[in-house]
Amino acid sequence: KLGDLVPHDLAEHWQQTLQFLTIVTSAWPQWLESAGLSDPGHYRNASLVALSTAWRLNPPQYPVIIAGSTGSVPATADLMRTVLRLPKGAVILPGVDASLEEGAWAAIGPDHPQFTLKQLLERLGQTRSDLNAWTPAQGHLDRAKLLSEVMRPADAAQGWITWVASARTQAAALLRGLSVIEAPNPVAEALSISLCVREALETPGASVALITPNRTLARRVATELERWGIEVDDSAGRPLSKTKPGSLLSLILAAVVEDFAPVPLLAMLKHPHCALGLT
């Protein structure tokens, strides 16, 4: 489909850009095949398809639960559909807006946070009425309704006026305990969050959690907290390359690739886990 993106009557540099992009769609897959290798994304999709096929042919009799996924990857969505049909299969979706009326839900477009979940439900052949909700406390429901109305699709904006008129007296309660920090850059964002975490931990016996899908932000906050001696239990895990043993392995490989040139060799020797057999 790349060939249809750039009309032939445009400037030559557009054609050169298009020609370069064909490396990704044509030359790169051919090279991978000749080398007996697989692209990470293709390997992931193939693995998910294979698992989905195996479960359809031989459904497991033990519980299978997929939790927290939005099914943005088509292969993942297909696996979720397979799990729904298993004898003991279940899918737990994160934060489906059940309060938005059907007209507004139908108006949700690609720029709306719920669009991926809407697409997933359609792919699964389900509707919001088919879902069993885990009902939280009433206060959480009220705040969820506020967030739903704030993100109401433009084509259904008239519902916002009606809701505001009825909830005006509750506005202060809905926003109680909610703070907004507009950070100028990612570094300031991480520092602001780490300061909030440290402040919360000043109270004896208190605990605090940072919930974010942004792994880069999570690592930055963890790094800031380490400066104050606060160890973070990251439930999402850490990439091997970000651990001390993993970073040493990366430095060793870099030194070998560059034939132990001075700079990579020095970087390897400075690593705290590099002892060269000495204790």
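Just remember that this note's numbering sits 6 ahead of the position in the sequence shown, which is counted from 1.
The beta-carbon is built from N, C-alpha and C at its ideal position, and this holds for glycine as well.
Owing to the predicted nature of the structure, the values given are computational and were not obtained by experimental measurement.
Check                                                                                                                   : Outcome
Cβ pair count under 8 Å reaching 3, the segment 258-268 against the segment 222-234                                     : no
Residue(s) in a DSSP beta bridge with residue 95                                                                        : 70
Any C-beta of chain D under 8 Å from that of residue 181                                                                : Looking for chain D here will not work: only one protein chain is present.
Three-state class that DSSP yields for residue 26 in the structure shown                                                : helix
Inter-residue spacing [alpha-carbon to alpha-carbon] between residue 115 and residue 221                                : 26 Å
Distance between beta carbons of residue 248 and residue 233, contact taken as under 8 Å                                : That belief does not hold up - the Cβ atoms of residue 233 and residue 248 are roughly 16 Å apart, past 8 Å.
Proximity winner among 37, 218, 77, relative to residue 129 (alpha-carbon distances)                                    : 77
Spatially closest choice to residue 61 from 48, 95, 206, 235, by CA coordinates                                         : 95
8 Å Cβ cutoff met for residue 93 and residue 119                                                                        : no
Spatial distance of residue 273 from residue 191 (CA atoms)                                                             : 29 Å
Secondary structure, alpha helix (DSSP H): runs of 4+ residues fully inside the segment 235-270                         : 250-263
Residue from 184, 188, 152 with nearest C-alpha to residue 171                                                          : 152
Range covered by the alpha helix (DSSP H) that runs through residue 36                                                  : 34-41
Sub-8 Å separation of residue 165 and residue 174 beta-carbons                                                          : no
Contact check, residue 194 vs residue 161, beta carbons under 8 Å                                                       : no
Inter-residue spacing [alpha-carbon to alpha-carbon] between residue 59 and residue 82                                  : 12 Å
Simplified DSSP assignment, three categories, for residue 157                                                           : coil
Residue 84, enclosing alpha helix (DSSP H) - first and last residue                                                     : 80-90
Close-in-space but distant-in-sequence residues of the same chain around residue 109 (CB under 7 Å, 5 per side omitted) : 162
Three-state secondary structure assigned by DSSP to residue 226                                                         : helix
Proximity of residue 99 and residue 57 at Cβ, strictly below 8 Å                                                        : no
Alpha helix (DSSP H) segment containing residue 3, residue limits                                                       : There is no way to answer for residue 3, as the model of the chain reaches only from 7 to 285.
Proximal residues to residue 72 (C-beta, below 6 Å), its chain only, five neighbours per side dropped                   : 86, 89, 97
Rounded straight-line distance, which links the Cα of residue 181 to that of residue 149                                : 8 Å
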